[in-house]
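Note sheet for the following structure.
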Amino acid sequence: MNTWEKYLRDNKEELDQVELAPEIWLNIENQVLKEKAATSRRLLRWVSLAACLGILLSFGLIFQFSSGKDPLHQLANSGIDSEQYLKEMAIKTRKLSNARIPMDHKADFELLIQQLRALDEQYESYLDELEEHGYQELLANRIISYYKTKIELLDRIQEEIETVEYYEKKYDKNSLKVELSI
Amino acid sequence: MIKIASKWSLAFSILIFFFLQASLAQNEKLSKSYQKEIEVADFPQIISQGFWDMEFESHGRMSSKRKNRDYIMVPGGNDDVPALRLKEYFINTWDKASVKLEVEIVVIPDKDDPDQAQELLDELQIELKLNEKNEILIDENLNMAKFGFENGFFSRNVNTYTLENGKSFRVKGLSIQAALFIPKKSHLYLRYQLGYITIGDLEGKLQADLLSSRLTGGRAKEFEGRFQFYANVQFTQIEKASIQSENSEFKVEELGSLSLGNPTQMEARIPLLEAQRLQRSTHSKYYLKKVGEIKVYESINDKFFIGQLGSLTSLHSTFTDYEIKELHSSLKLRAKNGDLKIEGIKSGFSSIEIDNKISEIHLNFSSLENLEIRPFQHSYTEYDIPEKMKKILMEMKTTYRKGTSSKAGKISLLCNGCVLRITE
Numbered sequence: 055m056n057t058w059e060k061y062l063r064d065n066k067e068e069l070d071q072v073e074l075a076p077e078i079w080l081n082i083e084n085q086v087l088k089e090k091a092a093t094s095r096r097l098l099r100w101v102s103l104a105a106c107l108g109i110l111l112s113f114g115l116i117f118q119f120s121s122g123k124d125p126l127h128q129l130a131n132s133g134i135d136s137e138q139y140l141k142e143m144a145i146k147t148r149k150l151s152n153a154r155i156p157m158d159h160k161a162d163f164e165l166l167i168q169q170l171r172a173l174d175e176q177y178e179s180y181l182d183e184l185e186e187h188g189y190q191e192l193l194a195n196r197i198i199s200y201y202k203t204k205i206e207l208l209d210r211i212q213e214e215i216e217t218v219e220y221y222e223k224k225y226d227k228n229s230l231k232v233e234l235s236i
Numbered sequence: 099m100i101k102i103a104s105k106w107s108l109a110f111s112i113l114i115f116f117f118l119q120a121s122l123a124q125n126e127k128l129s130k131s132y133q134k135e136i137e138v139a140d141f142p143q144i145i146s147q148g149f150w151d152m153e154f155e156s157h158g159r160m161s162s163k164r165k166n167r168d169y170i171m172v173p174g175g176n177d178d179v180p181a182l183r184l185k186e187y188f189i190n191t192w193d194k195a196s197v198k199l200e201v202e203i204v205v206i207p208d209k210d211d212p213d214q215a216q217e218l219l220d221e222l223q224i225e226l227k228l229n230e231k232n233e234i235l236i237d238e239n240l241n242m243a244k245f246g247f248e249n250g251f252f253s254r255n256v257n258t259y260t261l262e263n264g265k266s267f268r269v270k271g272l273s274i275q276a277a278l279f280i281p282k283k284s285h286l287y288l289r290y291q292l293g294y295i296t297i298g299d300l301e302g303k304l305q306a307d308l309l310s311s312r313l314t315g316g317r318a319k320e321f322e323g324r325f326q327f328y329a330n331v332q333f334t335q336i337e338k339a340s341i342q343s344e345n346s347e348f349k350v351e352e353l354g355s356l357s358l359g360n361p362t363q364m365e366a367r368i369p370l371l372e373a374q375r376l377q378r379s380t381h382s383k384y385y386l387k388k389v390g391e392i393k394v395y396e397s398i399n400d401k402f403f404i405g406q407l408g409s410l411t412s413l414h415s416t417f418t419d420y421e422i423k424e425l426h427s428s429l430k431l432r433a434k435n436g437d438l439k440i441e442g443i444k445s446g447f448s449s450i451e452i453d454n455k456i457s458e459i460h461l462n463f464s465s466l467e468n469l470e471i472r473p474f475q476h477s478y479t480e481y482d483i484p485e486k487m488k489k490i491l492m493e494m495k496t497t498y499r500k501g502t503s504s505k506a507g508k509i510s511l512l513c514n515g516c517v518l519r520i521t522e
């Protein structure tokens, strides 16, 4: 038996009567609770971080998968700058959509607008096929042809409107005008 | 040290060798040629509908491209072995009174079941059938009825060819090369998409229904063509052609006569894409080096580039431009919003009648010796007429004349909103 054990045995009764002050217990309890809370917070923090990473990863995968299927993205990956063509077409179309033409020319212009629609229908079918089956060089070539043909056609419509307008102004015809409805 | 290194490099080379051998063995090709020849009467009617006449089923990703003149389809996209390779289709003509079809099929076995490739080759049969109208049906697909592929994120490509008897075969790749031999006097109906076709001289009638295809030919007596979306047709010589076209190109060195947008053309045949608009010619380009006569029934936004032209009659032409190098005989143009430019009108031409609206007309004459221009009605039209032409009044109308009236080539104009330039 060592000295310490001997001391405890000799003073047992005295020591059993000693009680810690309640505030000390409270402090100890608080300390324990604080440590527990800190551990839970740390755990929660890690779980949240993992969840965030998981969500980010899922979003990334979804984005990657969906953008991989997106026809324009596929074309861009193969070096075809659709954005540039689409932008140019949008500018030209916007300009034409504001145009007004003499009513007696409406039926003629409608023929060109029908051609635009036929081209667009074909383009939509190309995009659907790209989305369904993935990138195809042959389709991509046709899409480029579509862009060029459509721009050419929009230019032609614009040119014709300007010619009609020239005669309207030059001879002060004051014809009844209607919207082109492009 | 050097000895160890050389041992390692030897071992590595052997490994590479075996790896290459293994991958080559995997893509080992099997091939078989099929031939069938039948005797036919004079002027046989022949129908050839090309590969896409068979059913096609796709599940998954694929890529398609053109390599040289072959159409190639690679399902899955990453596999470099085409599941389908359509080689250029050759249609040869000969003096024999028989029709012969030669097809060469090359198959790459599927590694999961390599025997199926040989089984497919053994089951394929060549036939030249007759339909109820006694027309000879050419089936370059032999007795294959369906081609399908399937692939996915977790599965590799499975390409299946199914025969008419329902038997299916899995192969990694298949290539078809077909050659047809027909009598020169045959009448041939050709329905084709996505392919290249070369045809020899034909004395019978050739009807071609083409979608995104290229047809190259020599001489044809009578040609009816229906072209859709980027079809490209080139011939050396055609006696008589009738065309309906959409977004396509037609190029002929020497053409007897051309009829464009004739609604009665090819009525009995169903177009590849059903479209009413196809009865006319729209948004197409015509390159004709030498042409006798052109009749345009309906043309919208086409472009003509003509070398030598005998005569042209256009009944309905809107937004279509004509560029003619030489006009020899006559021109009758009823058009709207389309420009006309003739670089050389030969002396001795008979007449030019223009009924147009909103256009630029430039007529350049090789000589202004005998000419009479009668602008019947000319609202909002700007004229540029050479000073040496005498302005006279005939039947209460202003007329410009040079030379004697009886010999003069006559030009009559009905134009609203035009710029007219006459030059010599």
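Here the protein sequences line up with chains A and B, keeping their order.
Using my numbering, read the first sequence as starting at 55 and increasing by one per residue.
Using my numbering, read the second sequence as starting at 99 and increasing by one per residue.
Virtual Cβ for every residue (Gly too), placed ideally from N, Cα, C.
Span separating the alpha-carbon of residue i from that of residue j
i: V86(A); j: K66(A); result: 28 Å
i: L122(B); j: V179(B); result: Below a pLDDT of 50, predicted positions are generally treated as unreliable, and L122(B), at 47, falls in that range; the measurement from the model is reported next regardless. When rounded, the distance between both Cα atoms is 12 Å.
i: E467(B); j: K500(B); result: 6 Å
i: T51(B); j: L166(A); result: This structure leaves residue 51(B) out entirely; chain B is present only between 99 and 522.
i: R254(B); j: D210(B); result: 11 Å
i: Q143(B); j: K282(B); result: 12 Å
i: E59(A); j: E77(A); result: 29 Å
i: F321(B); j: D213(B); result: 46 Å
i: T497(B); j: I205(A); result: 42 Å
i: Q305(B); j: H285(B); result: 8 Å
i: S457(B); j: T479(B); result: 9 Å
i: N330(B); j: R312(B); result: 5 Å
i: G442(B); j: Y420(B); result: 13 Å
i: C278(B); j: T191(B); result: According to the sequence displayed, residue 278(B) carries Leu and not Cys. Roughly 8 Å between the two C-alpha positions.
i: Y61(A); j: I82(A); result: 26 Å
i: D208(B); j: L182(B); result: 13 Å
i: D453(B); j: L184(A); result: 46 Å
i: G316(B); j: Q291(B); result: 20 Å
i: Q169(A); j: E351(B); result: 29 Å
i: I404(B); j: E214(A); result: 23 Å
i: L309(B); j: Q212(A); result: 30 Å
i: S340(B); j: L199(B); result: 28 Å
i: I274(B); j: Y187(B); result: 9 Å
i: K319(B); j: Q335(B); result: 8 Å
i: L107(A); j: V101(A); result: 10 Å
i: Q128(A); j: L184(B); result: 25 Å
Cross-chain neighbours of residue i in chain B, by beta carbon under 9 Å
i: G133(A); result: Per Cβ cutoff of 9 Å: no residues; G133(A) is ~15 Å from chain B at best.
i: R196(A); result: S310, F327, Y328
Candidates the options: closest to residue i by CA position
i: S132(A); options: L193(A), P156(A), K227(A), E216(A); result: L193(A)
i: Y287(B); options: I297(B), D307(B), E441(B); result: D307(B)
i: N462(B); options: K388(B), K439(B), P473(B), E238(B); result: K439(B)
i: V517(B); options: I398(B), K488(B), K495(B), S477(B); result: S477(B)
i: L128(B); options: I170(B), I145(B), L218(B), N166(B); result: L218(B)
i: F240(B); options: M492(B), E485(B), L261(B), V204(B); result: According to the sequence as given, residue 240(B) is Leu; it is not Phe. Among M492(B), E485(B), L261(B), V204(B), the Cα nearest to that of L240(B) is on L261(B).
i: E337(B); options: K423(B), V389(B), Y294(B), I509(B); result: V389(B)
i: S229(A); options: S136(A), E219(A), I236(A); result: E219(A)
i: S162(B); options: G174(B), N263(B), M487(B), D151(B); result: G174(B)
Neighbour list for residue i in chain A, Cβ cutoff strictly below 7 Å
i: R159(B); result: H187, G188
i: S525(B); result: For chain B, the structure presents residues 99 to 522; residue 525(B) sits outside this window and is missing.
i: R164(B); result: L192
Under 8 Å from the C-beta of residue i: neighbouring residues of chain B
i: Q169(A); result: T380, H381, I398, N399
i: D209(A); result: Under the 8 Å cutoff, chain B gives no residues; its nearest Cβ is about 12 Å from D209(A).
i: T203(A); result: N345, H381
i: V218(A); result: I456, G515
Chain-ordered chain A contacts of residue i [CB-CB under 8 Å]
i: F417(B); result: D162, L165, L166, R210, E214
CB contact check: residue i to chain E, cutoff 7 Å
i: G250(B); result: Going by chain labels, chain E is absent from the structure shown, which instead holds the protein chains A and B.
Chain B contact residues for residue i, given Cβ-Cβ distances below 7 Å
i: S199(A); result: Y328
Partners in chain A for residue i, counting only beta-carbon separations shorter than 9 Å
i: K489(B); result: Correct list: empty, because the minimum Cβ distance to chain A is about 22 Å.
Legend entry - 3-residue-minimum beta strand (DSSP E) runs that sit fully inside the segment 141-218 of chain B, ordered along the chain: 143-146, 153-157, 160-165, 168-173, 182-184, 187-192, 196-207
Inset, instruction - Assess, as a yes-or-no matter, whether the segment 284-302 of chain B is touched by the segment 154-161 of chain B under the definition of 3 or more beta carbon pairs within less than 8 Å. - result: no
Legend entry - Inter-stretch contact (C-beta, 8 Å, three-pair minimum) for the segment 424-431 of chain B and the segment 443-450 of chain B: yes
Legend entry - At least three beta-carbon pairs within less than 8 Å, the segment 132-150 of chain B to the segment 191-211 of chain B: yes
Inset, instruction - State whether the segment 341-351 of chain B contacts the segment 313-328 of chain B, with contact taken as three or more CB pairs (one from each stretch) at a distance under 8 Å. - result: yes
Inset, instruction - Scan the segment 238-282 of chain B and note each continuous beta strand (DSSP E) run of 3 residues or more that stays entirely inside, going in chain order. - result: 242-250, 253-261, 266-281
Inset, instruction - Pick out the complete beta strand (DSSP E) segments inside the segment 466-516 of chain B, 3 residues or longer, and give them in chain order. - result: 469-475, 480-482, 488-492, 495-500
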